[in-house]
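Okay, so here's the structure we're looking at.
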Amino acid sequence: MNIAIGSRKSFLHYYGDDLYKKCKEFGFDAIDCRMLTDTTSEIYSLSEKEIIALHKKERALADKAGVELVQTHAPFGGQPRDVTREEREKHLTWMKRSLRCSSLLGVKLWVLHPLTPMGCSDLITGGVEETREINLDVFSKLLPVAKECGITICLENMPWPEFSISSPDEIHAMVDTVGDEHFKMCLDTGHNNIHSKGVSAGDQVRAHREVLRAIHVHDNNGIHDQHRFPYNGLVEWEDFGRALREIDFAGPFTYECAPSPRLPLYFFEAQLRMQRELADHILGNR
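Take any residue in the sequence shown, count from 1 to its spot, add 1: that is its number in the working numbering.
Right under this line is the structure:
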């Protein structure tokens, strides 16, 4: 199983274009590359030609370091509400561009948040059916691009108890409704810890093994989406690792947490080493 780390910006402060080389030195053989995730970032001010050139450069840097780019994330910058048709069309344009750029990176997994056209509390305020219909419409428009790019869209569970497409069960149901090999599931351990109290991340792995293709690994206090290192919250990590072994999970073990770039270099690298070793401990490799 590849051990991947994300949050590219955390590494640029110290390493610049050597970030892949340094991650390889610390034992990470894969990266979750997120260049187009934040729609408020400066990359969205560039032309399509410039964005394509940046992704080709990224692929070359990773290839040179012997690091695989295994996963990207759909644009969401501040979780777009997608309330109006115009907003949804703009977001859809960004997502299609992200898929095509991900194919330049050689990525096979593209993680997608459900759209929130009626807000994150539609179970309370209403609009559950509209939320479902709008999401299915967007999925149907993304799938041809994903297939053209050889990418699997992985719909991610969310931490919002009042949103109708949050729980792993609801994500699984949407995957079954779409019914396509290029549309599967990402299990986020931190989100599950907030939304699905009483159902461990390990049990979610077991329950959704047939559709599970990607995982996001991080911890929290069960209340806030804090993206802490494992064992700094309430997730049951030994059982999570045991469940991944039981189902022979073939996807990457992808951290969605990283050392703070404000740390002095010595402590930044010490935390990277610890993070890599934690993955082996969770997976039962040591």
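All C-beta atoms in this analysis are idealised placements derived from N, C-alpha and C, irrespective of residue type, glycine included.
C-alpha distance - residue i paired with residue j, whole-angstrom precision
{"i": "residue 42", "j": "residue 28", "result": "29 Å"}
{"i": "residue 26", "j": "residue 270", "result": "10 Å"}
{"i": "residue 234", "j": "residue 50", "result": "43 Å"}
{"i": "residue 224", "j": "residue 165", "result": "18 Å"}
{"i": "residue 273", "j": "residue 4", "result": "12 Å"}
{"i": "residue 77", "j": "residue 265", "result": "30 Å"}
{"i": "residue 20", "j": "residue 63", "result": "9 Å"}
{"i": "residue 61", "j": "residue 53", "result": "13 Å"}
{"i": "residue 56", "j": "residue 142", "result": "23 Å"}
{"i": "residue 122", "j": "residue 195", "result": "15 Å"}
{"i": "residue 205", "j": "residue 255", "result": "16 Å"}
{"i": "residue 40", "j": "residue 193", "result": "25 Å"}
{"i": "residue 14", "j": "residue 268", "result": "14 Å"}
{"i": "residue 239", "j": "residue 247", "result": "12 Å"}
{"i": "residue 148", "j": "residue 183", "result": "7 Å"}
{"i": "residue 210", "j": "residue 46", "result": "40 Å"}
{"i": "residue 250", "j": "residue 281", "result": "15 Å"}
{"i": "residue 163", "j": "residue 124", "result": "5 Å"}
{"i": "residue 181", "j": "residue 263", "result": "43 Å"}
{"i": "residue 31", "j": "residue 17", "result": "17 Å"}
{"i": "residue 236", "j": "residue 197", "result": "11 Å"}
{"i": "residue 117", "j": "residue 287", "result": "41 Å"}
{"i": "residue 44", "j": "residue 34", "result": "14 Å"}
{"i": "residue 134", "j": "residue 145", "result": "18 Å"}
{"i": "residue 130", "j": "residue 170", "result": "17 Å"}
{"i": "residue 48", "j": "residue 207", "result": "44 Å"}
{"i": "residue 95", "j": "residue 174", "result": "26 Å"}
{"i": "residue 200", "j": "residue 168", "result": "10 Å"}
{"i": "residue 2", "j": "residue 172", "result": "24 Å"}
{"i": "residue 88", "j": "residue 66", "result": "39 Å"}
{"i": "residue 277", "j": "residue 90", "result": "40 Å"}
{"i": "residue 185", "j": "residue 75", "result": "14 Å"}
{"i": "residue 6", "j": "residue 22", "result": "13 Å"}
8 Å Cβ cutoff met for residue i and residue j
{"i": "residue 229", "j": "residue 217", "result": "no"}
{"i": "residue 139", "j": "residue 176", "result": "no"}
{"i": "residue 258", "j": "residue 215", "result": "no"}
{"i": "residue 178", "j": "residue 137", "result": "yes"}
{"i": "residue 93", "j": "residue 153", "result": "no"}
{"i": "residue 126", "j": "residue 103", "result": "no"}
{"i": "residue 83", "j": "residue 160", "result": "no"}
{"i": "residue 189", "j": "residue 222", "result": "no"}
{"i": "residue 284", "j": "residue 252", "result": "no"}
{"i": "residue 98", "j": "residue 37", "result": "yes"}
{"i": "residue 244", "j": "residue 203", "result": "yes"}
Where the alpha helix (DSSP H) through residue i begins and ends
{"i": "residue 94", "result": "86-106"}
{"i": "residue 184", "result": "No alpha helix (DSSP H) holds residue 184; the beta strand (DSSP E) holding it covers 184-189."}
{"i": "residue 174", "result": "169-179"}
{"i": "residue 72", "result": "From DSSP, residue 72 is part of no alpha helix (DSSP H) but of the beta strand (DSSP E) over 69-74."}
{"i": "residue 146", "result": "129-150"}
{"i": "residue 66", "result": "49-66"}
{"i": "residue 238", "result": "238-247"}
{"i": "residue 280", "result": "266-283"}
{"i": "residue 125", "result": "123-126"}
Integer-rounded CB distance, given that residue j should sit under 8 Å from residue i
{"i": "residue 24", "j": "residue 71", "result": "12 Å between Cβ atoms; not a contact."}
{"i": "residue 150", "j": "residue 101", "result": "6 Å"}
{"i": "residue 11", "j": "residue 260", "result": "6 Å"}
{"i": "residue 107", "j": "residue 119", "result": "In fact, because the Cβ distance is near 36 Å, the residues do not count as touching under 8 Å."}
Delimiting residues of the beta strand (DSSP E) encompassing residue i
{"i": "residue 254", "result": "254-256"}
{"i": "residue 155", "result": "153-157"}
{"i": "residue 33", "result": "31-33"}
{"i": "residue 218", "result": "213-218"}
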